[in-house]
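Novice: I am attaching a structure below and will ask some questions about it afterwards.
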Amino acid sequence: MLLEVKGMQAGYGQTHVLHGLDFVVEAGGVTALLGANGAGKTTTLRAICGMVRTEGDITFRGERITGRATEDIARRGLAHVPDGRGTFMELSVEENFRLGAYVRRDPEVRADFERMFEWFPRLKQRWRQQAGTLSGGEQQMLAIARALLLRPKLLLLDEPSFGLAPLIVQEIFGIMRRIREESGVGILLVEQNANLALELADRAYLLETGRIVVAGPAAEIREDEAIRRSYLGY
Amino acid sequence: MDGFAHQIIAGIATGGIYASVALALVMIYQATHHVNFAQGEMATLSTFIAWAMVEAGIPYWLAFVATVLVSFIIGVLVERLLMRPVQNAPVLTHVGVFIGLLLIVGNMTGWIFGYTTKVFPSPFTSSGPLMGGLISAHELGSTAVTLVVLTLVFLFFRYTSLGLAMRAAAYNPRSARLVGIRVGWMLALGWGLAAAIGAVAGMMVAPVVFLDPTMMTGILLYAFAGALIGGIDNPLGAVIGGFAVGVLENLAGAYVVGTELKLTVALAIIIGVLVVRPSGLLGRVVASRV
């Protein structure tokens, strides 16, 4: 198992947001984490990366990572595209790429740059441009590329569709489908747009006010009218 | 006319000192959004360390290199031991720590080395006048040293991956952690580099102003004025601003206000910039689309 979470609790200050989460993410493939606003999806991703106060057992590639520093967790092969994207707005696309691969010492970094150009050809055209001047869609692409350049085993994606026009969202999910086929990275995807996420995902968890209420194969959840009506609202 | 040219050249020489200290201020400002008031006192302490080594008979350039290294370590330690525990504290706490640091380092320097003014050697001497007497050997040499230091710092930040990581940690610590950068250590390295740059500035200016525990107080003000002119968040701007203040100060001192009132020029510049253009001439404007 790539990631195993048991009894995870997390919160901000005195406020508890997550009340004992259990879930797993398998190597390769896409696991979706769905739920309404405020259900705790973003907090779940932050808790995995050690960005908020967290209790419970988080095991990544057989090693307990609860309470570790964010940078140490990243160095173990866990990449995170946070809400707000986490790109370096003041720096160029090229510098963002170099930072993405900052901890790597292997000779294949250059080849991975080329691979990113293949997946995100628009970024190649913007190579010397300051990241802050890219369009919203391009910034999201840069954020994903930056995360993939860590060559992670697991990629956490926080709402890649947020604030983007439907056509751009389609484009990005198309690219993610390719990444899923061609890279073998495991993806934990948080999405508001449940329909879109369930099309891409193999497995899905449904989060409601800090608890997992439904777990199962994405295809089954998509077909289940009761779940769709009561939790996903479409 | 020769007098005027000499004033400009001398201004460039002291401007290089201001530029170095301004760069040190900007480096810490970019990472922490605070101005390190103690930067000058730390540089003075470094210069005294160099003085003690030279007095002990160590060759100048060996003492120079050793001082830069020791200052770097002191800078790192200050960040690790003093700044780290208050990193999430409110602004006033930081101001308090900086002032405390200024007083402690300043008084410690006086306590260890005494308050009497000392002569600090210059490594640059010449047998005859340079460029028809326009420039002294020390002015020429210290300007060259300053330019070498500034160029090295620029190359380090622009072309090395450690320099890039330090910039990333300063701009966006949260994202920097996500790519695996140890942000705390980047801050400490920044403090170390700033202290090392300050040490070079101190050693270059000490032969001119003579060495005593308050040597850098005025210089810090000029440097701060330079940093503000260029934009406190812009390293290149701070360097240009430092040189500009050096020349302005020298010309004003020679032809307008006289040497006694020179420091007022720095204050006038600081207030003028804050009123007219708070972001400085080269202040960074980050374009951002959402």
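Residue numbers (full-length UniProt numbering), protein chains in the order written: chain P, 1 to 234; chain F, 1 to 290.
For glycine and all other residues, C-beta sits at the position ideal for the given N, C-alpha and C.
From the DSSP output, in three-state form, read off Q7 of chain F for me.
Specialist: Q7 of chain F falls in the helix class under three-state DSSP.
Novice: Assuming Q7 of chain F contacts N250 of chain F (C-beta within less than 8 Å), just tell me the rounded distance between them.
Specialist: Rounded, the Cβ-Cβ distance is 5 Å, consistent with contact.
Novice: Starting from the C-beta of E94 of chain P, find all residues in its chain whose C-beta is less than 8 Å away, skip the five residues before and the five after it, and write them out in chain order.
Specialist: Excluding sequence neighbours, E94 of chain P sits near W127 and R128.
Novice: Can you tell which of P:L21, P:M1 and P:L3 has its C-alpha closest to the C-alpha of Q9 of chain P?
Specialist: The option with the nearest alpha carbon to Q9 of chain P is P:L21.
Novice: When DSSP labels each residue in this structure, what does G67 of chain P get in the three-state scheme?
Specialist: Three-state result, G67 of chain P: coil.
Novice: Helix, strand or coil for M8 of chain P? Go by DSSP, reduced to three states.
Specialist: Correct three-state label for M8 of chain P: strand.
Novice: Assign W61 of chain F to buried or exposed, taking buried as 16 or more other Cβ atoms, counted over all protein chains shown, within 10 Å of its Cβ.
Specialist: With fewer than 16 Cβ atoms within 10 Å of its Cβ, W61 of chain F is classed as exposed.
Novice: Is it the case that the region 66-76 of chain P contacts the region 36-53 of chain P, given that we only count it when at least three CB pairs across the two stretches are under 8 Å?
Specialist: Enough Cβ pairs lie closer than 8 Å, so yes.
Novice: Which value, in whole angstroms, describes the spacing of the CA atoms of A195 of chain F and E63 of chain P?
Specialist: A195 of chain F and E63 of chain P: Cα-Cα distance of roughly 40 Å.
Novice: In chain P, what lies closer than 8 Å to A165 of chain F by C-beta?
Specialist: Those within 8 Å of A165 of chain F in chain P are L99 and Y102.
Novice: Quick one: residues in its chain with C-beta nearer than 6 Å to the C-beta of I135 of chain F, no 5 flanking neighbours on either side, listed in chain order?
Specialist: Contacts found: I9.
Novice: Smallest Cα separation from V239 of chain F: which of F:L103, F:V148 and F:G141?
Specialist: Closest by alpha carbon: F:V148.
Novice: When the Cα atoms are used, what is the spatial distance from G28 of chain P to L157 of chain P?
Specialist: Taking the straight line from one Cα to the other gives about 14 Å.
Novice: Would you kindly work out how many angstroms separate the C-alpha atoms of F64 of chain F and Y102 of chain P, rounded to a whole number?
Specialist: Approximately 33 Å, taken between the alpha carbons.
Novice: Are three or more beta carbon pairs between the region 40-51 of chain F and the region 162-176 of chain F nearer than 8 Å?
Specialist: The answer is no - the region 162-176 of chain F does not touch the region 40-51 of chain F, with fewer than three Cβ pairs under 8 Å.
Novice: Check each residue of the region 35-52 of chain P: if its Cβ is closer than 8 Å to any Cβ of chain F, include it; give the result in chain order.
Specialist: Within the region 35-52 of chain P, the residues whose Cβ lies closer than 8 Å to some Cβ of chain F are C49 and M51, listed in chain order.
Novice: Touching or not, the region 76-89 of chain P and the region 130-140 of chain P, by the rule of three or more beta carbon pairs under 8 Å?
Specialist: Segments in contact, yes.
Novice: For V70 of chain F, tell me which candidate among F:G192, F:P235, F:M108 and F:L140 has the shortest Cα-Cα distance.
Specialist: Of F:G192, F:P235, F:M108 and F:L140, the residue nearest in Cα terms is F:G192.
Novice: Considering only the beta carbon of each residue, do N234 of chain F and L189 of chain F sit closer than 8 Å?
Specialist: Their beta carbons are not under 8 Å apart, which means N234 of chain F does not touch L189 of chain F by this criterion.
Novice: Could you pull the start and end residues of the beta strand (DSSP E) that Y205 of chain P belongs to?
Specialist: R203 to E208 is the span of the beta strand (DSSP E), which, as asked, contains Y205 of chain P.
Novice: Beta strand (DSSP E) containing P217 of chain P: first to last residue?
Specialist: Start and end: R211 to P217.
Novice: From S126 of chain F to V208 of chain F, what distance separates their C-alpha atoms?
Specialist: Taking the straight line from one Cα to the other gives about 16 Å.
Novice: Flag L91 of chain P as yes if its beta-carbon sits less than 8 Å from any beta-carbon of chain F, otherwise no.
Specialist: L91 of chain P counts as touching chain F.
Novice: Rounded to the nearest angstrom, what separates G163 of chain P and M204 of chain F at their Cα positions?
Specialist: Going by the C-alpha atoms only, they are around 54 Å apart.
Novice: In chain order, what residues of the same chain lie with their CB nearer than 7 Å to the CB of L142 of chain P, ignoring the 5 residues before and after it?
Specialist: T87, V93, N96, L123, A131 and L134.
Novice: Consider the Cβ of A182 of chain F: report whether some Cβ of chain P lies at a distance smaller than 8 Å.
Specialist: The sequence given here places Arg at residue 182 of chain F; Ala does not occur at that position. Yes, its Cβ sits closer than 8 Å to a Cβ of chain P.
Novice: Taking the alpha carbon of A39 of chain P as the point to measure from, which residue in P:G11, P:I187 and P:T66 has its own alpha carbon closest?
Specialist: Nearest option by C-alpha distance: P:G11.
Novice: Count the other CB atoms, across all protein chains shown, that sit within 10 Å of the CB of residue 280 of chain P; report buried if there are 16 or more and exposed otherwise.
Specialist: Because chain P here runs from 1 to 234, residue 280 of chain P falls outside it and cannot be looked at.
Novice: Apply the 10 Å Cβ neighbour rule to S20 of chain F and answer buried if 16 or more other Cβ atoms are within range, or exposed otherwise.
Specialist: Classification for S20 of chain F: buried.
Novice: Which bits of chain P does S279 of chain F rub up against, with CB to CB less than 7 Å?
Specialist: Under the 7 Å cutoff, chain P gives no residues; its nearest Cβ is about 15 Å from S279 of chain F.
Novice: Grab the span of the beta strand (DSSP E) containing H19 of chain P for me, first residue to last.
Specialist: Counting along the chain, the beta strand (DSSP E) containing H19 of chain P begins and ends at T15 to V25.
Novice: Taking all protein chains shown into account, do 16 or more other C-beta atoms lie within 10 angstroms of the C-beta of H80 of chain P, making it buried, or fewer, making it exposed?
Specialist: By the neighbour-count rule (16 or more Cβ atoms within 10 Å), H80 of chain P is buried.
Novice: So, at 6 Å on beta carbons, what are the nonlocal neighbours of E138 of chain P in its own chain, with the 5 sequence-adjacent residues on each side left out?
Specialist: Hits under 6 Å: R122.
Novice: Taking one C-beta from the region 214-227 of chain F and one from the region 260-277 of chain F each time, how about it: are there three or more such pairs within less than 8 Å?
Specialist: With a cut-off of 8 Å, the region 260-277 of chain F and the region 214-227 of chain F count as touching, because enough Cβ pairs lie within range.
Novice: Identify, in the order they occur along the chain, each residue of the same chain with its Cβ nearer than 8 Å to the Cβ of F157 of chain F, setting aside the five sequence neighbours on each side.
Specialist: Answer for F157 of chain F: G163, L164, M166, R167 and P235, listed in chain order.
Novice: Would DSSP call P124 of chain F helix, strand or coil?
Specialist: For the record, residue 124 of chain F in the displayed sequence is Phe; it is not Pro. Looking at F124 of chain F - three-state DSSP - the assignment turns out to be coil, as it is neither helix nor strand.
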